[in-house]
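Novice: In our numbering, the protein residues as written are 7 to 269.
Just so it is clear, CB atoms sit at the ideal spot from N, CA and C, and this is done for glycine as well.
Sharing a structure, written as structure tokens. Questions coming.
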């Protein structure tokens, strides 16, 4: 029989209530100017089962990218997503090719590439990725805009406004045909449906695009930190000493003469 103390239901409720109040007070006591250091973040991550190395990578990526810009809005709804990061070094041709492959696989779009000097760009409609040189290396910017949302919202508000105006005119005219009022009511329903569907889909679309861009940026930065393996070209010159060593036959082992025995 274990001698460990067991708490009653009233004691359990009181313990959790006090713990929640203490945690809330600790969060309130953490001011905007205090924050946490990298070592403290790594300690918290270690307690949560996250390796300190990955916490440091995430912090370094945030330092390079800075706070993300707010999305562009149309009629109060977000319609764009942008992510920018300062790469730790110059982007080689091989790294750019791997980035394009990552973009194509993530967004399932072939797109087109364009290079102007040290500027590289990949574009697929409103979605594009731009790599431009900076004083310390290169900057990667990925952005997109949902142009179809603007058309859908504009059409929805136009249908709604037209339907409401004609419904008001028909309601003021006792001799109006009921068929026309039904048609205008359908215009109102069509407008409300288009606006509601677009307003419901846009935040999820922006969130998904931002998550995809952050994943691409994280993989690109991780590849930038990898040390490339030394490659030996197939047409590398071979020194004369190596040729002599290859052409010189191995020395034959000396064969001793058979010993004659006298019977």
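1) Among 210, 124, 87 and 79, which one has its Cα closest to the Cα of residue 159?
2) Can you list, in chain order, the residues of its chain with a C-beta nearer than 6 Å to that of residue 38? Leave out the 5 residues immediately preceding and following it.
3) Considering only C-alpha positions, which residue in the set 121, 145 and 168 is nearest to residue 270?
4) Round the Cβ separation of residue 75 and residue 212 to the nearest angstrom and send it over; I've been treating them as touching at under 8 Å.
5) Answer with buried or exposed for residue 118, where buried requires no fewer than 16 other C-beta atoms within 10 angstroms of its C-beta.
6) What residue does the alpha helix (DSSP H) around residue 158 start on, and which one ends it?
7) Nearest by alpha-carbon distance to residue 150: which of 140, 156, 132 and 137 is it?
8) Under the three-state reduction of DSSP, which class applies to residue 248: helix, strand or coil?
9) Just mark residue 22 as buried or exposed, buried being the case when its beta carbon has 16 or more other beta carbons within 10 Å.
10) From the DSSP output, read off the bridge partner residues of residue 148.
11) Nearest-angstrom Cα distance between residue 89 and residue 224?
12) Quick test of your reading: residue 83 and residue 161, contact by CB under 8 Å. State the CB separation rounded to the nearest angstrom.
13) With respect to the beta strand (DSSP E) encompassing residue 125, which residues constitute its N-terminal and C-terminal limits?
14) Rounded to the nearest angstrom, what separates residue 237 and residue 153 at their Cα positions?
15) Would you identify the three-state DSSP class for residue 57, choosing helix, strand or coil?
16) Helix, strand or coil, according to DSSP, for residue 84 in the structure here?
17) Looking at the unbroken alpha helix (DSSP H) that takes in residue 226, where does it start and where does it end?
18) Residue 270 lies in the beta strand (DSSP E); which residues open and close that run?
19) Whole angstroms are fine: how far does the CA of residue 219 sit from the CA of residue 204?
20) For residue 116, which residues in the same chain have their Cβ closer than 8 Å to its Cβ, ignoring the five residues on either side in sequence?
21) Taking residue 197 and residue 166 to be in contact with their CB atoms under 8 Å, please state how far apart those CB atoms are, rounded to whole angstroms.
22) Work out the CA separation of residue 163 and residue 156 for me, nearest whole Å.
23) Beta-carbon within less than 6 Å of residue 3's beta-carbon, same chain only, minus the 5 sequence neighbours each way: which residues are those?
24) Would you grab the beta carbon distance between residue 215 and residue 87 for me? Rounded to a whole angstrom, and I think it's under 8 Å.
25) For a quick check, are the C-beta atoms of residue 94 and residue 51 less than 9 Å apart?
Specialist: On the basis of the coordinates in this document:
1) Here the question's residue 159 lines up with position 153 in the chain shown. With distances taken between Cα atoms, residue 159 lies closest to 79.
2) On the chain shown, position 32 is the one that residue 38 refers to. The predicted model places residue 38 with a pLDDT of 44, which falls under 50 and marks its position as unreliable, so this point remains unresolved.
3) This structure gives no information on residue 270, because the portion of the chain shown stretches from 7 to 269.
4) On the chain shown, position 69 is the one that residue 75 refers to. On the chain shown, position 206 is the one that residue 212 refers to. In fact, because the Cβ distance is near 12 Å, the residues do not count as touching under 8 Å.
5) Residue 118 sits at position 112 when you count from the first residue of the chain shown. It counts as exposed.
6) The sequence position of residue 158 within the chain shown is 152, counting from 1. Where residue 158 is concerned, the enclosing alpha helix (DSSP H) stretches over 153-178.
7) Taking the chain shown and counting its residues from 1, the one referred to as residue 150 is at position 144. Closest option to residue 150, Cα to Cα, is 132.
8) Along the chain shown, one-based indexing puts residue 248 at 242. Here the model assigns residue 248 a pLDDT of 48, short of 50, so the residue's position is not dependable, and the following value carries that caveat. Three-state DSSP puts residue 248 in a helix.
9) By one-based count along the chain shown, residue 22 stands at place 16. It counts as exposed.
10) What you label residue 148 is simply residue 142 of the chain shown in a count that begins at 1. Residue 148 pairs with 89 and 135.
11) Here residue 89 corresponds to residue number 83 of the chain shown, with the count starting at 1. Here residue 224 corresponds to residue number 218 of the chain shown, with the count starting at 1. Here the C-alpha atom of residue 89 lies approximately 11 Å from the C-alpha atom of residue 224.
12) Here residue 83 corresponds to residue number 77 of the chain shown, with the count starting at 1. Here residue 161 corresponds to residue number 155 of the chain shown, with the count starting at 1. Rounded, the Cβ-Cβ distance is 14 Å, inconsistent with contact.
13) Here the question's residue 125 lines up with position 119 in the chain shown. First-last of the beta strand (DSSP E) with residue 125: 125-130.
14) Working through the chain shown from its first residue, we reach residue 237 at position 231. Working through the chain shown from its first residue, we reach residue 153 at position 147. Residue confidence for residue 237 is low, a pLDDT of 47 falling below 50, so the modelled location carries little weight and cannot support an answer.
15) Position 51 of the chain shown, counted from the start, is the residue given in the question as residue 57. Residue 57 falls in the coil class under three-state DSSP.
16) The residue you call residue 84 lines up with position 78 of the chain shown. Residue 84: strand per DSSP, three-state reduction.
17) Residue numbering aside, residue 226 sits at position 220 when the chain shown is read from its first letter. Unbroken alpha helix (DSSP H) run through residue 226: 184-230.
18) Nothing about residue 270 can be read from this structure; the chain reaches only from 7 to 269.
19) Looking up residue 204 in the chain shown gives position 198. Looking up residue 219 in the chain shown gives position 213. Cα to Cα, residue 204 sits roughly 22 Å from residue 219.
20) Within the chain shown, numbered from 1, the residue matching residue 116 stands at position 110. If we look at residue 116 and ignore the five residues flanking it on each side, its Cβ neighbours are 110 and 130.
21) The residue you call residue 197 lines up with position 191 of the chain shown. The residue you call residue 166 lines up with position 160 of the chain shown. About 3 Å; that satisfies the 8 Å criterion.
22) Here residue 156 refers to the residue found at position 150 of the chain shown. Here residue 163 refers to the residue found at position 157 of the chain shown. Their backbone Cα atoms lie some 11 Å apart in a straight line.
23) The structure shown does not extend to residue 3, since the chain is modelled only from 7 to 269, so the question has no answer here.
24) As a first step, residue 215 is located in the chain shown; it is residue number 209 there, counting from the start. As a first step, residue 87 is located in the chain shown; it is residue number 81 there, counting from the start. Going by Cβ atoms, the distance from residue 215 to residue 87 rounds to 4 Å, so yes, they are a contact pair.
25) Taking the chain shown and counting its residues from 1, the one referred to as residue 94 is at position 88. Taking the chain shown and counting its residues from 1, the one referred to as residue 51 is at position 45. No. Outside cutoff.
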